[in-house]
Each structure stands twice: as C-alpha cells, then as structure tokens.
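Trainee: Position one of the sequence shown corresponds to residue 1 (the UniProt record's numbering), numbered consecutively onward. C-beta atoms are modelled at their ideal positions from N, C-alpha and C, and glycine is treated no differently. Take this structure, written in structure tokens, and hold onto it; I'll ask about it next.
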Amino acid sequence: MAGGILPSVPPPIPISSIDAEAPVAVIDDVARDFTAMLRLDQFEAAGEKFWAIDVKSAEPAALSQDIPALVSGREAALRKTRARFAEADIDDLRIDGPFVTGDQFALFLDMLITDPATGKTQPFAEIAIFTVRDGRIIEERFFYD
C-alpha cells in the first residue's frame with residue numbers, strides 16, 4: 001500500500017482533465033442542492049437524485065467483506081451508504097462548503113456519531129470530493145481516518 005493508496009481504488013482524475021469549460025451554474029446548482037439535502041440528513045435521497053447511473057464511490061478502506069473500498073453503480077453506492085449509516089447514528093452534523101472548482105466540489109463534514117450497538121458517541125470528520133458531469137455526480141471520494 002504505497003503512499004496510502006489502496007490498489008483497488010483508481011487514481012484521482014488528473015487535474016489536466018478537469019473540465020474548465022463545465023457550465024458553472026450547473027455545477028453550483030448540483031453542489032448547493034446536494035449539500036442542502038445532506039444537511040437535512042437526506043443522504044440516500046441526495047444520492048438517488050444526483051448520482052449518475054454508473055457513479056463511482058471510493059472510501060479509504062472496505063466497509064465490510066461485502067462492501068469494498070470502491071463501488072460502481074447507483075445501486076452499489078446506495079448499498080454502501082446504507083451500510084455506512086447502519087453502523088452509526090448521526091447526532092450532530094456540520095458541513096462546510098460546497099467549494100467548487102471546475103467540475104468538482106468538496107465538502108468538509110464534522111459529525112458526532114453514536115454506535116447503535118454500543119451506545120458510544122464520538123466525533124467523526126471527513127472530506128468528500130465529488131465530480132459532476134452533465135448535472136450528475138459521476139464520482140465521489142471520501143477521506144477520513
């Protein structure tokens with residue numbers, strides 16, 4: 001695992017491939033509306049509304065034996081999202097962003113989560129980067145410890 005990159009996760013989209021001519025209003029609208037839904041704790045609905053059919057979703061590591069670090073397709077991304085939130089109840093959510101550059105936007109998420117099995121509450125923070133094409137999220141990447 002050189003440089004912390006998992007072999008099953010493809011490298012990020014090269015900066016040279018960022019679509020500087022992407023319609024800014026479309027990217028801004030997707031970023032703003034998607035983020036608003038997350039702030040309302042509508043994670044699944046946001047994905048269903050904005051993910052492309054062939055969306056790619058990457059985590060730092062596999063969530064379980066059945067949910068690998070990289071999944072492809074809307075149904076697989078939905079299963080991954082459900083698996084993530086089955087293991088944690090969000091007690092508090094703060095989102096900074098969206099920060100838009102080219103055809104991508106980033107969010108900084110700070111959460112207070114509770115493990116339903118143990119009742120243990122702890123802080124959790126992540127950075128999420130989304131790539132948008134034709135008004136849909138085609139890739140999402142999550143960064144956390």
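1. Cutting at 6 Å between CB atoms, please list the residues of its own chain near MET1, excluding the five before and the five after it.
2. Starting from LYS56 and walking both ways along the alpha helix (DSSP H), at which residues does that stretch end?
3. Look at the alpha carbon of VAL134 and the alpha carbon of LYS56, and state the distance between them as a whole number of angstroms.
4. Would you mind listing the beta strand (DSSP E) stretches within the UniProt domain "SnoaL-like" (28-144) that are 3+ residues and don't spill past its ends, in chain order?
5. Report the rounded CA-to-CA distance for ILE90 versus ALA25, giving the unit in angstroms.
6. Find out if the Cβ-Cβ distance for the pair PHE50, VAL71 is shorter than 8 Å.
Mentor: Result, derived from the coordinates:
1. Any answer about MET1 is weak, because its pLDDT of 43 lies below 50 and its placement is not dependable; what the coordinates show is given next. Around MET1: no qualifying Cβ.
2. No alpha helix (DSSP H) holds LYS56; the beta strand (DSSP E) holding it covers 51-58.
3. Sequence check: residue 134 is Asp here, not Val. The alpha-carbon atoms of ASP134 and LYS56 are separated by roughly 15 Å.
4. 51-58, 70-72, 89-101, 104-114, 121-133 and 136-143
5. 31 Å
6. no
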